[in-house]
Amino acid sequence: MHCKKPAPLSVWRPLNLDRFLLGAPHYPEHVDESCWRRDAERMLAAGVNTVRMGEFAWHIFEPYEGKFDFDLFDRAIEVLGAVGIDTIMCTPTATPPRWLTVNYPEVLRVDVNGHRASHGSRQHADTTSPVFRAHSRRITRAMAEHYNNNPRVIGWQTDNELNTTVSESFAPSTRLEFQKFLQHKYGAIGALNFAWGGHFWATAYDDFSQIDLPRPLMPSYPSPGQVQDYHRFLAAATAAFQHDQVEILRAANPDWFVFHNLGQLADIDFRGQFGQDLDFIGFDIYPMLYDEMRRTGGHAATQALHLDICRAYSGNYIVPEQASGFGSQPGFSTMTPEPGEMRRMAMTSVARGADGIMFFRWRPAHFGAEIYWMGVIDHDDVPRRRYDEASRFFHDIAAIKNQILGTVVRMDIGIAGADFDNQEAHKTYAMGLPSPLDDATLLHRYCYRNGIACGFIHPEDDLSRLKALYVPHWVMWKQEWNAAVEAFVRSGGTLILSALTGTRDENNHIVREQAPGRDLSALSGVKVAEFGRLVPQGGAGLFPLFRQAATGAHVPPSPLPASSAERKYHFTFGNRQFEAAHLYELLEVAPDTEVLGAWSSRFCAGQPAITSRQLGKGRVVYVGTYLTHELAEAIAEGVLTRAGVAPLLPELPDGVEVSIREAEDRQLMFVQNTTEVPVAVPGVPQGLDLLTGRPTAGPMQLEAYGSAVILLS
């Protein structure tokens, strides 16, 4: 296994491995050893080349403090290796054993109400705890030293889904570490008081030792600067916790690759130390679960959205856990993939940047909190349709892996993403407005349904491959992004800025220049003279929103008086009239800036709402409101078409998704039917379907949940 040094983080970064990883998480500790060899033989027949194991087995590796026992996993690795299957080991720090939490109870997390976590679940230990970090280093070092000469251990996963169950802690040790973090960052208490606005509500401090952890309401709102710094601290602590392990693993064997598998992306700053430490990122993909949680247009669209967001953090990735069937924990369950759908979902992961797929899990558990989370093999040890689909997928990918490896996902439209500070800044002072991601999802969904190459990108990445860049209400705009963004526009790109962009500095202070700030105003030819909140139809008013913020509970909207509910703001754009959503801005427009849309109702009537300014070969469009489904469509048809953006397939049927992975010498078009019925796809370009070996040109028939991977001529 060859692992070269990874390129710098970028959405355009391919994986640094010479193998497409195909396999499953495997738990030999959950099954009788008499099944191990049969499992290995079935894996080999299915096309598995790699398994992942050990992430929840600290109690086996170290049954009591200082006593290490690797025999069970040594035997399991040997059985797999005998048939040619390699192993990714995991540091087991997501589930510290009972002896550790008994002997060192200070490592347990404490919730916002002061309740200490108990043993019996996972992620119950506080990764900000110095004591827990010391034990984490100790078990990692013991494992690394034991396996550093085992040729069948090819790489490592750090921990498991850090911060997915919970990211916050309010333990006394967390408070002390937060104070240390702040003292290191600010140096003097006066600098912190300035950053947090200490003269507001008498929230200034005399010494760092006085600072507490921010809670949702204390009894009113804490400083946005304090909340932002708390989450910066959590992200830094998570990165430091992982960095301990990475240093040990790389010192033990520099040929190992090291990655982490992310779940919910909470309090993790990829563009900081966390991502810089790793060879690549792993993302665990459960499309039906994500759609259950987020309701973003069906699980196929939700999967595409999730993958495109994840790719912006690090470029190509692997999927250490790809849904293989019904999934559940005691409090929820997902839908079950229909025949063919499991393979299709895995192919979507490849289409959107995965260079490795591992179906979760090889066998389902017979005990514990995931007994109904199905695997490739059924509970009764019988391989049925999930095994057949996994085998078909593995053999399909193995046959074309050389065409896939080294390619990256094409994007014509980039949506600004992967910036930790902007993600958190919205949460500190949301005002009931949609998040940047909520807004961006509307544009992404339009592009997904219409076959437009769209994804997420950080402003520090190479923008030259894009035709358009949309910035979704990033309140914190950093000066170091200006040069690259301006160069992108002058070279012919279209930049679309949105309401409230550039209105706060890194301390969550309002900038003193008119929005969108000096630099973006010069770029766009726009200054915001006034803004106002629009009450959503059927809105709940202030008091229920306050209750929701205080309790975290959902409060059903109450009817508004007729006079309030009728206060609607409209604007015209592209010879159509739209109802504005969430916010209006009144714009002062420079002489060289064109008005594309104007407010058409109430006191705003006649004032600019959407503008465009030519800059070099490109232009900057400013949208003084939030997206709706209708406005996203109009901007795509009006602004993006003018920027040269066109669908990858001109007549895309409903339920068919299309994307392209490309390198300098080839383009692969992935066309996938996400529906349960066969579909005819017209206008497929000339090429060769690598999955069937048949040439393509014109209409193509796809079976239910069918896929095509076309090497374009």
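Numbering (the UniProt record's numbering), first residue to last: 1 to 713.
Where is the CB? At the ideal position from N, CA and C, for every residue including glycine.
Remember, predicted model here, so these are calculated numbers, not experimental data.
Pick from R490, Y286 and C310 that is closest to F326, judged by C-alpha positions: Looking from the CA of F326, the closest CA among R490, Y286 and C310 belongs to Y286.
Status (buried if at least 16 other CB within 10 Å, exposed otherwise) for R52: R52 should be labelled buried.
Helix, strand or coil at Q157 according to DSSP, with G and I counted as helix: DSSP places Q157 in strand when its eight states are reduced to three.
Touch test, the stretch 434-453 against the stretch 625-645, Cβ-Cβ under 8 Å, three pairs minimum: With a cut-off of 8 Å, the stretch 625-645 and the stretch 434-453 count as touching, because enough Cβ pairs lie within range.
Where the beta strand (DSSP E) through A708 begins and ends: Per DSSP, A708 belongs to the beta strand (DSSP E) from S707 to L712.
Span separating the alpha-carbon of P105 from that of T128: Rounded to the nearest angstrom, the two C-alpha atoms are 14 Å apart.
C-beta atoms of A94 and E55 nearer than 8 Å: Taking 8 Å as the Cβ cut-off, A94 and E55 qualify as a contacting pair.
Whole-Å CB distance - I710 paired with G687, under 8 Å assumed: Indeed, because the Cβ distance is near 4 Å, the residues count as touching under 8 Å.
Contact the stretch 373-393 vs the stretch 334-342: 3+ CB pairs below 8 Å: With a cut-off of 8 Å on Cβ pairs, the stretch 373-393 is in contact with the stretch 334-342, counting three or more such pairs.
Runs of alpha helix (DSSP H) lying entirely within the stretch 551-636, each at least 4 residues, in chain order: As summarised for the stretch 551-636, the continuous alpha helix (DSSP H) elements at least 4 residues long and confined to that stretch are 562-565 and 629-635, given in chain order.
Residue range of the beta strand (DSSP E) that includes residue 723: Only positions 1 to 713 of the chain appear in this structure, which leaves residue 723 out of reach.
G47, DSSP secondary structure in three states: Residue state for G47 is assigned as coil, using DSSP reduced to three classes.
6 Å Cβ shell around I610 - same chain, five flanking residues per side excluded: Closer than 6 Å at the Cβ level, and outside the excluded window around I610, lie F573, L596, G597 and V623.
Short Cβ contact (8 Å threshold) for L213 with F178: The Cβ-Cβ distance between L213 and F178 falls below 8 Å.
Reduced DSSP secondary structure (H/G/I, E/B, other) of S464: Of the three classes helix, strand and coil, the one that applies to S464 here is coil, per DSSP.
Nearest candidate by alpha-carbon position, reference G81, set W481, D438, V153 and V485: Among W481, D438, V153 and V485, the Cα nearest to that of G81 belongs to V153.
G375 beta carbon less than 8 Å from that of V319: Cβ atoms of V319 and G375: not closer than 8 Å.
Backbone CA spacing between N149 and V227 [nearest angstrom]: Rounded to the nearest angstrom, the two C-alpha atoms are 45 Å apart.
The stretch 421-433 touching the stretch 225-242, judged by at least three CB pairs closer than 8 Å: Flag = yes, the stretch 421-433 and the stretch 225-242 touch.
Local Cβ density within 10 Å of G532, reported as buried at 16 or more and exposed below that: With fewer than 16 Cβ atoms within 10 Å of its Cβ, G532 is classed as exposed.
Where the beta strand (DSSP E) through M89 begins and ends: Counting along the chain, the beta strand (DSSP E) containing M89 begins and ends at D86 to C90.
Spatial distance of residue 730 from Q242 (CA atoms): Because the chain here runs from 1 to 713, residue 730 falls outside it and cannot be looked at.
Beta-carbon proximity of A468 to I413, cut-off 8 Å: Against a cut-off of 8 Å, the Cβ pair of I413 and A468 comes out as a contact.
Residues of its chain near S136, where Cβ-Cβ distance is below 7 Å and the 5 sequence neighbours each way are ignored: Beyond the five residues adjoining it in sequence on each side, S136 comes within less than 7 Å, by CB distance, of T93, F241, D244 and Q245 in the same chain, given in chain order.
Own chain partners of E486 with C-beta closer than 7 Å, once the 5 adjacent residues on each side are dropped: Correct list, in chain order: L523.
Three-state secondary structure assigned by DSSP to K185: When DSSP states are grouped into helix, strand and coil, K185 belongs to the helix group.
Within 8 Å, strictly: CB atoms of E161 and G84: No, Cβ-Cβ distance for E161 and G84 is not below 8 Å.
Helix, strand or coil at M143 according to DSSP, with G and I counted as helix: DSSP places M143 within a helical segment (H, G or I) once states are collapsed to three.
Nearest to residue 714 (by Cα), restricted to the options V589, T494 and W474: Here the chain has residues from 1 to 713 only, and residue 714 is not among them.
Bridge partners - C454, DSSP secondary structure assignment: Paired residue(s): I413.
Helix, strand or coil at R642 [DSSP, three-state]: Helix, per DSSP.
Pairwise C-alpha distance: A416 and A440: Distance between the alpha carbons of A440 and A416 is about 9 Å.
With 16 other Cβ atoms within 10 Å as the buried cut-off, status of Q157: Residue burial annotation: Q157 is buried, with at least 16 other C-beta atoms found within 10 angstroms of its C-beta.
Beta-carbon proximity of P516 to G502, cut-off 8 Å: A contact, by the Cβ cut-off of 8 Å.
Collapsed DSSP secondary structure at F359 in the structure displayed: F359 falls in the strand class under three-state DSSP.
Which of helix, strand or coil DSSP assigns to I77: Helix.
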